[in-house]
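Just add 652 to the spot in the sequence shown (first one is 1) and you have the numbering used here. Glycine included, each C-beta is placed from N, C-alpha and C at the ideal position.
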Amino acid sequence: MIKYLLPVLFPFVALAQYDLLIQNGKIIDGTGNHWYHADIAVKDGRIARIGRLKSDSALRVIDAAGMVVAPGFIDVHTHIEGSVLDVPTAGNFILDGVTTVVTGNCGSSVTDVQAFWQKLDSVKISLNVATLIGHNSVRRAVMGDDKRPPEPHELNRMIALVEEGMRNGAVGFSTGLIYVPGTYASTAEVVELARAAARHGGIYASHIRDEGDRVLEAIEEAIRIGREAGLPVQISHFKVTYKPNWGRSEQTLKMVEEARKKGVDVTIDQYPYVASSTTLGTTLPDWAFAGGRDSLLWRLNHRPARQRIVNEMIDMLRKKQLKNYSYAVVARYAPDSTLNGRNISEINRLKGRKPRMQDEAETILDLIASTERVQMVYFSMNENDLRNIARYPFNMFASDAGINKYGAGMPHPRAYGTNARVLGTYVRDLKIITLEDAVRRMSSLPALRFGFADRGLLREGMAADIVIFDEQKVGDRATFTAPHAYSSGFAYVIVNGVVTAEKGKHTGARSGMLLKHRSGL
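Structure, rendered in structure tokens:
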């Protein structure tokens, strides 16, 4: 009876062809082609029509006059598995124009992909989510943090875990070869595991073994793994670190381009900041972590072993041409939040120690001994290299961030402002990249790379992931000293046809989907 009364009581509802109509916008469709003016109609979560359309054809109309309408941005390098259940609305991503993320990077992921999907489905999320299966997590599940090659049965078990992850919908296999226990693995081991992902059509995404003095060797290793395993390669957060290596981006990009010319499918991603963010443990030699945390704590309490660690830390510091640890800033230290935002040299002084390398190294060891994870920000890169890498056409922009609880800790500002920074600073202000190409590298390029066949373009029939922004006002507001600030200039963010951000505020909508690789369908 109700369906017969609806046209009488609500005649507009009966006439409406579409759920949503975006009118008068400047369309940048994700292909890299020039913009054009058109209207976009959305029905049942998909783009139904693009053209000149009447306002009375939709239940809701958004006037995008003077603004850019683009595909929702796809962030291919995130770490949300540890935070998405606590903050499923993912405001720091949504309010930066992101509608889809790929998590499980740097070799760190869930190992039970199916259980991960079930948890996400139970809480409902604002983003579309895909995941990789991570080498470090798989290796730790089988071998712990042992510094040794796997036994044949252990390698087979790791291969089985990768294959299981792929069958359950992972989009590929990731490594973090700078981190324990991945740093203990040989290239041959990684190739065998990458082959397991290749058998299911996956990608190989790598935080390479070194981004400093041995960066060329590390890039060559990633290329070799892709070539021998037979799968595409994504080199994560492409960079060159520390002063002795500044300027080497010309060489590193040339290596990528030469590999592509030889038929190896290699692409890269980058965050647009000169500081990185990872754990404090990376300042220690990797052997110190062998055998797990109990073994590490034993070494830190054993004077000869501790002194050896300190000596090697000082040697590493000198090779980087650094006089102290002032370049290393605490982002999150759970036992004492007053240390957040302070650098190691400052913390060393607070503890009453002398301003020497030896004492600062000891301060670092004390911090590491007191808690399992100290998140840091490291100022280690050069702006000229950053801009050079940003120009590369097969480079995507990615935050390397998790979902932040607003106001908690001192996270890297990339968690809030990566895309806005690209659009505001590197497109509009510096004109390093055109707006059309930046949008392509935030949308269709990552969609193609990770197999999201119905996303990344504004085309009829595609999923209605759409961002509407003011190209003159868009910009990042998060800084290293005040990182909890949402980006400006994003008027609307639409996820699967549902308005999820409006006038710079999250609507609370949770219309995100689980993007499973075809092996998991």
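Query raised in the report: In this structure, what does DSSP give as the bridge partners for F725?
Result: V750.
Query raised in the report: Around the C-beta of L1002, are 16 or more other C-beta atoms found within 10 angstroms, so that it is buried, or is it exposed?
Result: Around the Cβ of L1002, a 10 Å sphere holds fewer than 16 other Cβ atoms; the residue is exposed.
Query raised in the report: Contact between the stretch 805-824 and the stretch 778-792: three or more CB pairs below 8 Å?
Result: The stretch 805-824, when compared against the stretch 778-792, does touch it at the 8 Å Cβ threshold.
Query - N1148 beta carbon less than 9 Å from that of G684 - result: Contact: no.
**Report entry** Y836 vs S929 beta-carbon contact at 9 Å
**Finding:** Not in contact: Y836 and S929 (Cβ atoms no closer than 9 Å).
Report task. Rank L672, I679, A1050, R1170 by C-alpha distance to the C-alpha of I726 and give the top, closest one. Result -> Considering only L672, I679, A1050, R1170, the residue with the shortest C-alpha distance to I726 is A1050.
Query raised in the report: Do the CB positions of M1009 and M1048 come within less than 9 Å of each other?
Result: Judged by their CB atoms, M1009 and M1048 are not nearer to each other than the 9 Å cut-off.
Requested in this report: Write down every uninterrupted run of the beta strand (DSSP E) in the stretch 1106-1156 whose length is 3 residues or greater and which is fully enclosed by it, in chain order.
Outcome: As far as the stretch 1106-1156 is concerned, its whole beta strand (DSSP E) runs of at least 3 residues are 1118-1121, 1142-1147, 1150-1154.
Requested in this report: Spatial neighbours of L1097 within its chain, please: CB distance less than 8 Å, with the 5 preceding and 5 following residues excluded, ordered by chain position.
Outcome: So the list reads T919, F1046, M1048, G1108, once near-sequence residues are dropped.
Requested in this report: Have a look at the DSSP bridge pairing and note the partners of N1047.
Outcome: N1047 pairs with I920.
Report task. Take every Cβ of the stretch 729-736, pair it with every Cβ of the stretch 750-765, and state whether three or more of those distances are shorter than 8 Å. Result -> Short answer: they touch.
Report task. Can you check the stretch 946-1021 for any alpha helix (DSSP H) of at least 4 residues that lies completely inside it and give the ranges in chain order? Result -> If one requires a minimum length of 4 residues, the alpha helix (DSSP H) runs lying completely within the stretch 946-1021 are 955-971, 996-1002, in chain order.
Query raised in the report: Considering only residues of the same chain and omitting the five flanking positions on each side of Q669, which have a CB-CB separation below 6 Å?
Result: These residues qualify, in order along the chain: S709.
Query raised in the report: For V843, which residues of its own chain have a beta-carbon under 7 Å away from its beta-carbon, when the five flanking residues on both sides are left out?
Result: Within the same chain, V843 has close Cβ partners I877, E880, A881.
Query raised in the report: My guess is that L845 and M810 are in contact by the Cβ rule of under 8 Å, so how many angstroms apart are they, rounded?
Result: Yes, they are in contact, since the Cβ atoms of L845 and M810 sit about 6 Å apart, within 8 Å.
Requested in this report: Use the C-beta contact count for R955: other C-beta atoms within 10 angstroms, 16 or more gives buried, fewer gives exposed.
Outcome: Flag for R955 reads exposed.
Requested in this report: Kindly indicate the opening and closing residues of the beta strand (DSSP E) around L868.
Outcome: First-last for L868: 867-881, but that is the alpha helix (DSSP H), not the beta strand (DSSP E).
**Report entry** Same chain, Cβ closer than 6 Å to D1122, five either side skipped, listed in chain order
**Finding:** Answer for D1122: M719, G1141, listed in chain order.
Query raised in the report: Per the contact definition of three or more C-beta pairs closer than 8 Å, is the stretch 1123-1132 in contact with the stretch 1062-1079?
Result: The answer is yes - the stretch 1123-1132 touches the stretch 1062-1079, with three or more Cβ pairs under 8 Å.
Report task. Could you check what DSSP says for M907 in three-state terms: helix, strand or coil? Result -> Looking at M907 - three-state DSSP - the assignment turns out to be helix.
Report task. Report the option in G993, T990, R792, M1033 whose CA atom is closest to the CA atom of S901. Result -> Of all alpha-carbon atoms in G993, T990, R792, M1033, the one lying nearest the alpha-carbon of S901 is that of M1033.
Query - Given R868 as reference, the closest of G854, W687, V892, R851 once Cα atoms are compared - result: Looking at the sequence provided, one finds Leu at residue 868 rather than Arg. Comparing alpha carbon positions, the residue from G854, W687, V892, R851 closest to L868 is V892.
**Report entry** Assigned exposure category for G677 - 16 Cβ within 10 Å defines buried
**Finding:** Burial of G677 is indicated by the presence of at least 16 other C-beta atoms within 10 angstroms of its C-beta.
Report task. Would you verify that the beta carbon of F1142 is, or is not, closer than 9 Å to some beta carbon of chain C? Result -> Among the protein chains of the structure shown there is no chain C, as only one such chain exists.
Query raised in the report: To which residues of the same chain is W769 closer than 6 Å at the C-beta, ignoring the five residues directly before and after it?
Result: Within the same chain, W769 has close Cβ partners L1166.
Query raised in the report: Which residue or residues does DSSP assign as beta-bridge partners of D715?
Result: Note: D715 sits in a beta bridge opposite Q675.
Report task. Return the chain-ordered ranges of every alpha helix (DSSP H) run that is complete within the stretch 1052-1109 and spans a minimum of 4 residues. Result -> List check, alpha helix (DSSP H) in window: 1066-1073, 1087-1094, 1096-1102.
Query raised in the report: Leaving out the 5 sequence neighbours to the left and right, which residues in its chain are closer than 6 Å to D1052 when beta-carbon positions are compared?
Result: H729, H889, Y923.
Report task. For F664, count neighbouring Cβ atoms within 10 angstroms of its own Cβ and tell me buried if that reaches 16, exposed if not. Result -> Interpretation of F664 is limited by its pLDDT of 48, a score under 50 that renders its predicted location unreliable; the figure taken from the coordinates is listed afterwards. Burial state of F664 is exposed, judged by a 10 Å Cβ sphere holding fewer than 16 other Cβ atoms.
Query raised in the report: Over what stretch of residues does the beta strand (DSSP E) that includes S929 continue unbroken?
Result: 927-931 is the extent of the beta strand (DSSP E) around S929.
**Report entry** Reduced DSSP secondary structure (H/G/I, E/B, other) of V814
**Finding:** If DSSP states are grouped into helix, strand and coil, V814 belongs with the helices.
Query raised in the report: Would you call the CB atoms of L952 and I1020 closer than 9 Å?
Result: Result yes, Cβ atoms of L952 and I1020 sit closer than 9 Å.
Query - Beta carbon of P1065 nearer than 9 Å to that of Y925 - result: A contact, by the Cβ cut-off of 9 Å.
Requested in this report: Please list, in chain order, all residues of the same chain as G1059 whose beta carbon is under 6 Å from its beta carbon, the five residues on each side excluded.
Outcome: H1136, listed in sequence order.
**Report entry** Alpha carbon of L711 to alpha carbon of H1158, nearest angstrom
**Finding:** About 21 Å.
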